[in-house]
């Protein structure tokens, strides 16, 4: 299984917390779509032995594209790659783009999964984040989308400044009211060089404490699991049959090609990332040059990535896989480093697979960092 990620680097306005690559100018949108399709063609030799099962339009805001622009890119994928008959094709979308007319167009297109950036159902949160949509638009788009799409995911953000547990619970309950089969939920992080970071530095915004953020996560986990969702990755909850195939492939170290400015790629041995500048990207592609930097991963790099992704998921970290792929020394090191967290009931063994406990899940990234190898070759 392999996937293709397509980065659409345009947004109507900049969210205060976002540090992804995008432009609020749509002037180069047509040229960008053509360049994306051309990069798809230029990189076909990388996947000669692969079958594409997932295609994901991320961003930015992919819902700013017209359906004919989406199909133009998808046609390039189908022409140049071995795509299965019914791939998972996801489009990230913002509520303000999802009018009834747009949803009907998308339903008639090849898109079969929507990932909608709700973030919050409350106006005060949306204003703080500088989201382009209103609370009313958030609910209106879900009413429409659920009529035409079965496979829908929404994003929700917790750990917001001034968000108490009562309001967070109402956010979760709204999502359950619309019977959304997949929910991705992330803690608000203050990224450097964002507007939010500036507000925090100026004392205009006080971030939620670690204790408040963990309380929000615990409530989210308990409420969604009770409602029939699986927490299959620390930030992702899906009903059976509705896990994101695209994201699951990332966490299981499967191959993917990232198309577009700032997009990342992984082939099992090398990791690559495209230039994060729209005009330079378009110019390079139009002159037949792939504007990509490549890093060859060492055994230690691959081990560390496996630990990081594995501990965040229900699949955990297989000691057998560590021994066979990286070597016995890595297995022994992982066991030694894990002892403390097993004793603290943050990690446990499921057979020979190391997993986080319910208590340890929220701390998965920190635990993983202590299992990382630094100097062993």
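Residue numbers (UniProt numbering): 1 to 377.
The beta-carbon is built from N, C-alpha and C at its ideal position, and this holds for glycine as well.
Quick caveat, the model's predicted, so the values are computed rather than measured.
- With a beta-carbon spacing of about 23 Å, residue 13 and residue 67 fall beyond the 8 Å limit used to define contacts.
- In this chain, residue 269 is not harboured by any beta strand (DSSP E), its DSSP state being neither H nor E.
- Listed in chain order, the alpha helix (DSSP H) runs fully inside the region 280 to 338 are 299 to 311 and 319 to 325, counting runs of at least 4 residues.
- Residue environment for residue 27: exposed (fewer than 16 other C-beta atoms within 10 angstroms of its C-beta).
- Sequence-distant Cβ neighbours of residue 368 in its own chain, meaning closer than 6 Å and more than five residues away, are 307, 308 and 311.
- A buried status is given to residue 159, since no fewer than 16 other beta-carbon atoms sit within 10 Å of its beta-carbon.
- Spatial neighbours of residue 24 in its own chain (CB-CB distance under 8 Å, excluding positions within 5 residues in sequence) are listed in chain order as 10, 11, 12, 13 and 14.
- From the listed residues 76, 83, 258 and 196, the smallest Cα separation to residue 293 is found for 258.
- Non-local beta-carbon contacts of residue 144 in its own chain, meaning distances under 6 Å to residues more than five positions away in sequence, involve 100 and 103 in chain order.
- Burial state of residue 87 is buried, judged by a 10 Å Cβ sphere holding 16 or more other Cβ atoms.
- The beta-carbon separation of residue 241 and residue 230, rounded to 10 Å, does not stay under the 8 Å limit for a contact.
- Under DSSP, residue 183 forms a beta bridge with 154 and 237.
- For the set 200, 348 and 362, the Cα lying nearest the Cα of residue 211 is the one of 362.
- Taking 8 Å as the cut-off, the beta carbon of residue 220 is found no closer than this to the beta carbon of residue 154.
- Within 10 angstroms of the beta-carbon of residue 203 lie fewer than 16 other beta-carbons, which makes it exposed.
- Boundaries of the alpha helix (DSSP H) harbouring residue 199: 195 to 201, taken from the DSSP string.
- Of the candidates 41, 295 and 185, 185 places its Cα closest to the Cα of residue 235.
- In this structure, residue 5 and residue 256 form a Cβ contact; the two beta carbons are roughly 6 Å apart against a cut-off of 8 Å.
- DSSP, read as helix, strand or coil, puts residue 110 in coil.
- Taking each of 213, 346 and 248 in turn and checking the Cα distance to residue 56, the smallest one comes out for 248.
- Here residue 213 is buried, its C-beta having at least 16 other C-beta atoms within 10 Å.
- Here residue 261 really is in contact with residue 278; their C-beta atoms are around 6 Å apart, less than 8 Å.
- DSSP places residue 210 in the helix class (H, G or I) of the three-state scheme.
- Per DSSP, residue 86 lies in no alpha helix (DSSP H); the unbroken beta strand (DSSP E) holding it starts and ends at 82 to 93.
- Here residue 193 is exposed. Its C-beta has fewer than 16 other C-beta atoms within 10 Å.
- For residue 315, the closest of 295, 347 and 341 by C-alpha to C-alpha distance is 347.
- With respect to the 8 Å criterion, residue 331 and residue 323 are classified as neighbours on the basis of their beta carbons.
- Cβ contact annotation for residue 74 (same chain, cutoff 8 Å, sequence separation greater than five): 55, 89 and 110, in chain order.
- Listed in chain order, the non-local C-beta contacts of residue 371 below 7 Å within the same chain comprise 307, 334, 337 and 338, local neighbours out to five positions each way being set aside.
- Closest option to residue 207, judged by alpha-carbon separation, among 180, 58 and 163: 163.
- Judged by DSSP in its simplified three-state form, residue 15 adopts coil rather than helix or strand.
- With respect to the 8 Å criterion, residue 161 and residue 225 are not classified as neighbours on the basis of their beta carbons.
- A straight-line Cα-Cα distance of about 13 Å links residue 265 and residue 246.
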